[in-house]
Amino acid sequence: MDFYFPTRIIIKRGCVSENAERLASFGKRCLIVTGKSSAKICGALTDIAKALEAVNVDYKIFDRITQNPLFADCLAGAEAARAFGAEFIIALGGGSPLDAGKAIACLAPNPDAGEKEMYSQKLKNPPLSVVAVGTTAGTGSEVTQIAVITGSDGRKKSFRADSAFPALALGDPRYTEFMPENVTRSTAADALSHCIESYFNSTANEFSRMLALRGARLITGIFKNFPDDCRLTPQQRDTLYLASVFGGMAISVTGTCIPHALGYFLTENHGIAHGTACAFFLPYFIEHNMEYAPKLAVEFFTEIQTAPTELAELIGSVAPKMTARVNRAELDGMRERWVNNGCLKKALGGIDNKYLENLLKRAFLTGEDK
Ligand code: NAP
Ligand code: FE
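Below, the structure written as structure tokens:
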């Protein structure tokens, strides 16, 4: 078993203001990396600003991070961090600003580094410390050493390095109450996807499975009582946030598997939200594991007290509908990226090109196109 987890994680309503002193321990100047508006809307930016002011830390706000963050914006953020003399980074928002914060933290002390050096993590100088403050209950990025950044070729690619674990994660589930309905639904599906993909993963160990199972059980419980109008109770928000952190800790060991590997192109080519894209492939992944890992599957579905078909139905009812239409030409153009894909190789039982071909045909093609 191998489990490395250097992040101090504090989850509590009001935790940002209560931990101002901890922020000050990272330095006197920081760059706050965030998106356009949600950190302001949900109150997180005000809380952070007040906490920093209380302990005399100077800050600058870099709010140019978009969904599926671009490498070019991370480079601009690194430049802003250097110009300001930032000693640490506060990454504030959903998975996009959190991942961008990790990228900026490693690019800032390495002015000569480009895309290649970032993805390969071949960097001369160590990154700045990152404090992560999540505002969605989904990616768990506040507790992972993974960052998914869209490269200049328009493709979502990740880097992974022990030095990219945030030093501190502050989780206040109140912020998640401001998410619009589609973001709540899609990010919750992402969190469940992490738990399932980590559990049924050839690189899982007892500890990561324990986290994945607990996360899946909690999220399934919420899905069973998911209100039609998406108005989750504060308790449900707390639980969902906690479960998303368990999912993040689980994938920090295993990474993801088939749904994430296949889901990226739906986001890149069709603008489908990340969690919605992964959720679309989850029922196929459940089916795969029923066939190729039956013993583990029995254990999993017994523990979460939900039958496989019921879980697939719950995912269908909570996750937003995946609306992209994909034809054979698009799939043909995609084939090369899935050969030797590291995430796909982690599927239990192994999958070959024929298997993948068949899955994609069933998922997308009808009639003659097949
Ligand atoms: P996101 O892309 O960070 O945000 C989605 C939308 O929700 C944005 O419009 C954002 O607004 C808004 N939003 C965020 N928090 C809000 C709040 N509390 N109230 C109201 N609106 C809010 O969404 P995400 O699903 O959390 O992150 C997805 C990204 O994470 C993808 O790039 C994915 O590949 C990556 N990811 C990373 C990991 C990892 O381990 N590192 C794992 C899975 C996924 P603003 O634009 O104003 O910010
Ligand atoms: Fe994800």
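Note that this note's numbering has the sequence shown beginning at 705, numbered continuously upward.
Quick reminder that beta carbons are idealized off the backbone N, C-alpha and C, glycines included.
The model shown is predicted, which means the values in this text are computed figures rather than measured ones.
Excluding residues up to 5 positions away in sequence, 920, 921, 924 lie with their Cβ nearer than 6 Å to the Cβ of residue 1008 in the same chain. Assignment of residue 751 by DSSP, reduced to helix, strand and coil, places it in the helix class. For residue 707, the closest C-alpha among the options 869, 1040, 1027 is that of 869. In this structure residue 807 does not touch residue 842 by the C-beta definition: roughly 19 Å separates them, more than the 8 Å allowed.
Taking each of 875, 1044, 791 in turn and checking the Cα distance to residue 840, the smallest one comes out for 875. Distance from the CA atom of residue 914 to the CA atom of residue 774, rounded to whole angstroms, is 34 Å. In the structure shown, the three-state DSSP call for residue 794 is strand. Here DSSP, grouped into helix, strand and coil, assigns residue 788 to helix. One Cα belongs to residue 1004, the other to residue 953, and the distance between them is close to 18 Å. Per the DSSP secondary-structure output, residue 863 pairs in a beta bridge with 851. Look at residue 803: its beta carbon is at least 6 Å from all of the heavy atoms in ligand 2. For residue 880, the Cβ stays outside the 6 Å cut-off from all heavy atoms of ligand 2. Residue side-chain check: residue 843 places its Cβ nearer than 6 Å to a non-hydrogen atom of ligand 2.
Of the candidates 963, 1029, 864, 864 places its Cα closest to the Cα of residue 957. The way I'd put it, the stretch 762-773 does touch the stretch 720-737; three or more beta-carbon pairs between them come closer than 8 Å. If you check the CB distance, residue 980 and residue 890 come in under 7 Å. Between residue 812 and residue 832, the gap from beta carbon to beta carbon is short of 7 Å. In this structure, residue 796 sits away from residue 724, with a CB-CB distance that is not shorter than 7 Å.
Of all C-beta pairs linking the stretch 962-971 to the stretch 1038-1058, three or more are shorter than 8 Å, placing the two stretches in contact. DSSP places residue 823 in the uninterrupted alpha helix (DSSP H) bounded by 819-824. Using a 10 angstroms sphere on the CB of residue 800, the tally of other CB atoms reaches 16 or more, which defines it as buried. With fewer than three CB-CB distances shorter than 8 Å, the stretch 744-759 does not count as touching the stretch 986-1001. Note on the stretch 916-985: whole alpha helix (DSSP H) runs with a minimum of 4 residues are 938-958, 962-974, in chain order. In the structure shown, the three-state DSSP call for residue 838 is strand. For ligand 1, no non-hydrogen atom lies closer than 6 Å to the CB of residue 992.
A direct Cα-Cα distance of roughly 37 Å separates residue 1037 from residue 944.
When distances are taken from the beta-carbon of residue 894 to the heavy atoms of ligand 2, the shortest one is below 6 Å.
Between the C-alpha atoms of residue 879 and residue 1025 there is a straight-line separation of about 25 Å.
Nearest to residue 745 by C-alpha distance, out of 835, 881, 817, is 881.
For ligand 1, a non-hydrogen atom lies closer than 6 Å to the CB of residue 746. In this structure, DSSP gives residue 873 an extended state, which the three-state scheme calls strand. With a cutoff of 7 Å on beta-carbon distance, residue 1023 and residue 970 are scored as not near each other.
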